[in-house]
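Everything in the sequence shown is counted per the numbering used here, starting at 3 for the first residue and increasing by one.
Cβ coordinates follow ideal geometry from the N, Cα and C atoms, glycine included.
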Amino acid sequence: EILRLSRRADTGIDELAGVLAHDPAMASKVMRVANSAVYRRRGDATSVADAATRIGLRSLVVIALGFSLVRDLPRSGELAGMSVDRYWRRSLTVAVVARRIAARCLPQLTQEAFALGLFAHMGRLVLAEHASSYYRPLVAQYGGWPDTRAERVGLGFSSLEIGAALVEAWDLPSVMVDTLAALEGAP
């Protein structure tokens with residue numbers, strides 16, 4: 003809902019805050035971010051509307067997507083021979099490292115960096131779930147985690163390209179799409 007509303011030019015922050023108020027878990031996450039050292043100005047944000055105003059529309063959308071991703075995707079098991087547990091360990095590691103780097107270089111973008119870390123390997127889940135007959139042999143051949151070069155050779159495209167296409171389809175900032183594209187060739 004946040005993503006849909008963010009695409010409308012006439013959507014106000016109060017309308018977004020109203021949607022957030024119906025999801026206590028997401029609202030509490032937004033409140034924590036708004037009261038972090040990066041966003042805290044004078045005093046604490048004491049309402050969802052105040053928190054949403056502090057962090058801004060772009061960060062609000064990124065937080066909502068990251069939160070939804072974690073909540074809605076499988077958390078364990080196996081897809082096309084790929085360990086979902088391994089996926090989450092790697093994704094969370096990338097997200098935490100990205101947030102720490104951003105905290106030192108671009109502290110106003112720490113949430114975006116964390117979300118991008120979560121999104122970095124998302125294309126692997128898409129391939130494992132929706133193209134498993136093609137992806138399973140690559141997963142088996144490369145010890146459960148094919149690198150993007152192997153994906154490109156075996157499939158003609160990489161999981162990063164799929165992740166970048168999803169991030170672009172969600173209308174996230176182009177810097178996020180470009181960053182995923184720049185990761186091509188990374189393990």
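Is it the case that the Cβ atoms of residue i and residue j are separated by a distance below 8 Å?
i      : j      : result
Leu162 : Leu185 : yes
Val72  : Ile57  : no
Ser160 : Leu120 : no
Ala54  : Val40  : no
Arg88  : Gly146 : yes
Ala130 : Met84  : yes
Val177 : Val169 : no
Ser135 : Leu81  : no
Asp173 : Arg9   : yes
Ala66  : Ile15  : no
Could you name the residues of the same chain whose beta carbon sits closer than 6 Å to that of residue i, not counting the 5 residues immediately before and after it, in chain order?
i      : result
Val50  : Ala19, Leu22, Ala23, Ala29
Ala117 : Val64, Gly68
Arg101 : Thr112, Ala115, Phe116
Ala142 : Gly83
Ile103 : none
What three-state label does DSSP hand residue i in the structure shown?
i      : result
Pro8   : Looking at the sequence itself, residue 8 is Ser, so the reference to Pro does not match. Residue state, collapsed to three classes: helix.
Gly58  : helix
Leu67  : helix
Leu108 : coil
Leu182 : helix
Glu114 : helix
Gly119 : helix
Leu174 : coil
Arg43  : strand
Ser135 : helix
Ser49  : coil
Ends of the alpha helix (DSSP H) at residue i?
i      : result
His132 : 124 to 132
Glu163 : 161 to 171
Tyr144 : Element bounds for Tyr144: n/a, residue is neither H nor E.
Val155 : 150 to 157
Arg77  : No alpha helix (DSSP H) holds Arg77; DSSP gives it neither H nor E.
Ala19  : 15 to 22
Val32  : 26 to 36
I'd like the list of long-range same chain contacts for residue i, defined as Cβ closer than 7 Å, with 5 residues on each side in sequence excluded.
i     : result
Arg77 : Val86, Trp90
Leu7  : Thr13, Glu17, Leu18, Val21
So, for residue i: in the same chain, excluding its five sequence neighbours on each side, which residues have a beta-carbon less than 8 Å away from its beta-carbon?
i      : result
His123 : Tyr89, Arg92, Ser93, Val96, Ser161, Gly165
Val98  : Phe116, Gly119
Leu140 : Pro148, Ala152, Glu153, Gly156, Leu157
Ala183 : Leu162, Glu163, Ala166
Quiz item: Would you call the stretch 103 to 113 and the stretch 138 to 152 in contact, with 3 or more CB pairs under 8 Å?
Solution: no
Exercise. May I ask you to verify whether the stretch 109 to 124 touches the stretch 56 to 70, counting CB pairs closer than 8 Å and requiring at least 3?
Key: yes
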